[in-house]
Amino acid sequence: MGSKLIIQALDDIIPLYDKDEYPTKLVKYIERLYNLSSSKITLKQEEEISRYHLCSILAIEKFNGTQDEVLPDPLIDKIPLAPNKVNKLLEQFKFEIFTGSRSNTPQFMTTPSRRSSRLNSLQNTPTRANNINSSKINHEKKLVNSEKIPLKNVSPFITSTSTSTTPTRTILKDQSSPYLLSPSKSKNLSTAQVISFCNKFHITRDITTNILKSFKNLHNRIKNEWALLCGIVGTVYLRINEKQLDAKIGLRQRFIDKLHLLQNGGLLKKQMQHWINLIENLIKNEKWIKMLEIEYNYSKNGILQTEQYTIGNMIISEVKFSSQKKLQYLDWKANLC
95 MGSKLIIQAL
105 DDIIPLYDKD
115 EYPTKLVKYI
125 ERLYNLSSSK
135 ITLKQEEEIS
145 RYHLCSILAI
155 EKFNGTQDEV
165 LPDPLIDKIP
175 LAPNKVNKLL
185 EQFKFEIFTG
195 SRSNTPQFMT
205 TPSRRSSRLN
215 SLQNTPTRAN
225 NINSSKINHE
235 KKLVNSEKIP
245 LKNVSPFITS
255 TSTSTTPTRT
265 ILKDQSSPYL
275 LSPSKSKNLS
285 TAQVISFCNK
295 FHITRDITTN
305 ILKSFKNLHN
315 RIKNEWALLC
325 GIVGTVYLRI
335 NEKQLDAKIG
345 LRQRFIDKLH
355 LLQNGGLLKK
365 QMQHWINLIE
375 NLIKNEKWIK
385 MLEIEYNYSK
395 NGILQTEQYT
405 IGNMIISEVK
415 FSSQKKLQYL
425 DWKANLC
């Protein structure tokens, strides 16, 4: 039963793994981590279901640091917990398991390289020369482990000043949650991601080009690039489709829900309106936005203004709702009198 749960957890966090079976060492290590964490860490009922996922992430990190085979970076999209909660629990697991008693912490057996195996075969007697060779091997391993690996997914809107400041995987490990974010949830968005996001809202090519320009101009001012993109797309979409959104109750909120569903920046639904209003104030005076307003006869009824107008309108005497049937009723009532 435990092995099935481990396989299911691995399927969730490394769906890009292209082999039929997971390494036996990895599965056994996850099981040992699970048993050890169960004895040391008590989780809430809603968190317990994610224990195998948490142990699998930690095991993959250890596995990639000790074995010849490199597994894909783990994703957290399918873990049944909020991302910030996953981060906190992983930090707790690391502290409780790896910084505690070293004798109880499970370790991977490192796979010897060809060079080291040849050297080990020569080490039949503990001579001074052999000791020097072993120290050289350890030194070389440290150099290999500390070797900088450039990241592949770098935002096209970030210009590097020099090759020495290129972001590396080693630097990322000092950040809060390096291996937890899938490429789609990466903080830095690529041009293809921006275009794909605009296409999901059926935004035309010329408008998408202007969105890219504004995104490039403002990405240094807004820390969360997904918040910036959602704000720009929301501002544009509400100008293009104002009449359709106002024609039916609930369509405007449905758009906000869709915007929240498609974004991968960890934004809360209640924050979407805030970001749209904030970004709207930053770009509303740009020429292409003004041209959109003229082309689509935008009446400047943004989300914030509309909600402020409707709050409490059921109890304010100045606001009255009318329809054709209501008017007919009033005429009939006046004729009776």
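Just so we're aligned: the sequence shown equals residues 95 to 431 in our numbering. Just so it is clear, CB atoms sit at the ideal spot from N, CA and C, and this is done for glycine as well. As the structure is a prediction and not an experimental result, all values here were calculated from the model.
Problem - Start-to-end residues for the alpha helix (DSSP H) that takes in HIS368 - result: Residues 363-377.
Exercise for the section: Report the option in TRP382, ILE343, MET366 and LYS384 whose CA atom is closest to the CA atom of LYS352. Expected result: Among TRP382, ILE343, MET366 and LYS384, the Cα nearest to that of LYS352 is on MET366.
Problem - Cβ-Cβ distance between SER131 and PHE187 below 7 Å - result: Result yes, Cβ atoms of SER131 and PHE187 sit closer than 7 Å.
Practice task
Drop a sphere of 10 angstroms on the beta-carbon of SER144, count the other beta-carbons inside from all chains shown, and report buried for 16 or more, exposed for fewer.
Solution key: Buried: at least 16 other Cβ atoms inside 10 Å.
Exercise for the section: Mind reading off the beta-carbon distance from HIS147 to ALA103? Whole number of angstroms is fine, and I expect it under 8 Å. Expected result: Contact holds; Cβ gap of about 5 Å.
Practice task
Taking only the alpha-carbon atoms, compute the straight-line gap between GLY328 and LEU361 and give it to the nearest angstrom.
Solution key: Annotation: GLY328 to LEU361 spans about 14 Å, alpha carbon to alpha carbon.
Practice task
Check whether the region 150-169 touches the region 104-121, counting contact only when three or more Cβ pairs, one atom from each stretch, lie closer than 8 Å.
Solution key: Output reads yes: the region 104-121 touches the region 150-169.
Problem - Where the alpha helix (DSSP H) through ASN311 begins and ends - result: Run containing ASN311: 299-312, per the alpha helix (DSSP H) assignment.
Exercise for the section: Would you mind stating whether LEU120 and CYS149 have Cβ atoms separated by less than 7 Å? Expected result: With a cutoff of 7 Å on beta-carbon distance, LEU120 and CYS149 are scored as not near each other.
Handout entry: Whole-Å CB distance - PHE349 paired with LEU356, under 8 Å assumed
Key = Taking C-beta atoms under 8 Å as the contact rule, PHE349 and LEU356 fail to qualify, at a distance of about 11 Å.
Practice task
Please say whether ARG333 and LEU386 have beta carbons closer to each other than 7 Å?
Solution key: Contact annotation: LEU386 and ARG333 have beta-carbon atoms nearer than 7 Å.
Handout entry: Endpoints, alpha helix (DSSP H) assigned at LYS134
Key = Judged by DSSP secondary structure, LYS134 falls within the alpha helix (DSSP H) whose first and last residues are 118-134.
Practice task
Using beta-carbon positions only, say whether ILE377 and SER308 come within less than 7 Å of one another.
Solution key: Closer than 7 Å, so yes.
Practice task
Please look up how many angstroms separate the CB atoms of SER283 and GLU319, rounded, as I've assumed it's under 8 Å.
Solution key: First, the amino acid is wrong: residue 283 is Leu here, not Ser. Confirmed, about 5 Å.
Practice task
Would you tell me roughly how many angstroms separate the C-alpha atoms of PRO117 and HIS313, rounded to the nearest one?
Solution key: If you draw a straight line from the Cα of PRO117 to the Cα of HIS313, it comes to about 42 Å.
Practice task
On a CA-only basis, which of PHE192, LYS182 and ILE316 is nearest GLU155? Give me that one, please.
Solution key: Nearest to GLU155 by alpha-carbon distance, out of PHE192, LYS182 and ILE316, is PHE192.
Handout entry: Which of helix, strand or coil DSSP assigns to LYS172
Key = The answer is coil: DSSP assigns LYS172 none of H, G, I, E or B.
Practice task
Could you have a look at HIS296 and say whether DSSP puts it in helix, strand or coil?
Solution key: Assignment of HIS296 by DSSP, reduced to helix, strand and coil, places it in the coil class.
Practice task
May I have the straight-line CA-CA distance separating LYS172 from LEU421, to the nearest angstrom?
Solution key: Rounded to the nearest angstrom, the two C-alpha atoms are 54 Å apart.
Practice task
Let me know the secondary structure DSSP gives VAL327 once reduced to three states.
Solution key: Helix, per DSSP.
Problem - Through-space distance from PHE157 to LYS113, alpha-carbon basis - result: Computed Cα separation, rounded: 16 Å.
Problem - Between the CA atoms of GLY159 and ASN347 - distance to the nearest angstrom - result: Before going further, note that residue 347 is Gln rather than Asn in the sequence given. The alpha-carbon separation between GLN347 and GLY159 amounts to approximately 47 Å.
Handout entry: TRP382 vs CYS324 beta-carbon contact at 7 Å
Key = No, these two residues do not count as a Cβ contact at 7 Å.
Handout entry: THR285 - DSSP class collapsed to helix/strand/coil
Key = The three-state reading of DSSP puts THR285 in helix, counting H, G and I together.
Practice task
Answer yes or no: do GLU190 and ILE135 have a C-beta to C-beta separation smaller than 7 Å?
Solution key: The answer is yes: Cβ separation under 7 Å.
Problem - GLN287 burial status per 10 Å Cβ neighbour count (16 or more: buried) - result: GLN287 comes out buried.
Problem - Buried versus exposed, by CB contacts within 10 Å (16 or more), LYS427 - result: With fewer than 16 other Cβ atoms within 10 Å, it is exposed.
Problem - Nearest residue (CA-CA) to LYS384, options ASN181, ILE301, LYS342 and VAL180 - result: Ranking the options by Cα distance to LYS384, first place goes to ILE301.
Practice task
For the alpha helix (DSSP H) containing SER150, list its first residue and its last residue.
Solution key: Run containing SER150: 145-160, per the alpha helix (DSSP H) assignment.
Handout entry: C-alpha gap between ASN129 and ILE305, whole angstroms
Key = Taking the straight line joining both Cα atoms gives about 51 Å.
Problem - Boundaries (first-last residue) of the alpha helix (DSSP H) holding ILE383 - result: Per DSSP, ILE383 belongs to the alpha helix (DSSP H) from 381-389.
Exercise for the section: Name the residue from GLU140, ILE100 and GLU142 whose alpha carbon lies nearest to the alpha carbon of LYS122. Expected result: With distances taken between CA atoms, LYS122 lies nearest to ILE100 out of GLU140, ILE100 and GLU142.
Problem - LEU424, buried or exposed, once every other Cβ within 10 Å from all chains shown has been counted against 16 - result: Burial call: exposed.
Problem - Short Cβ contact (7 Å threshold) for LYS364 with HIS354 - result: Contact flag unset, no.
Practice task
Measure the alpha-carbon distance for GLU142 versus LYS342 and round it to whole angstroms.
Solution key: Their Cα atoms are separated by approximately 43 Å.
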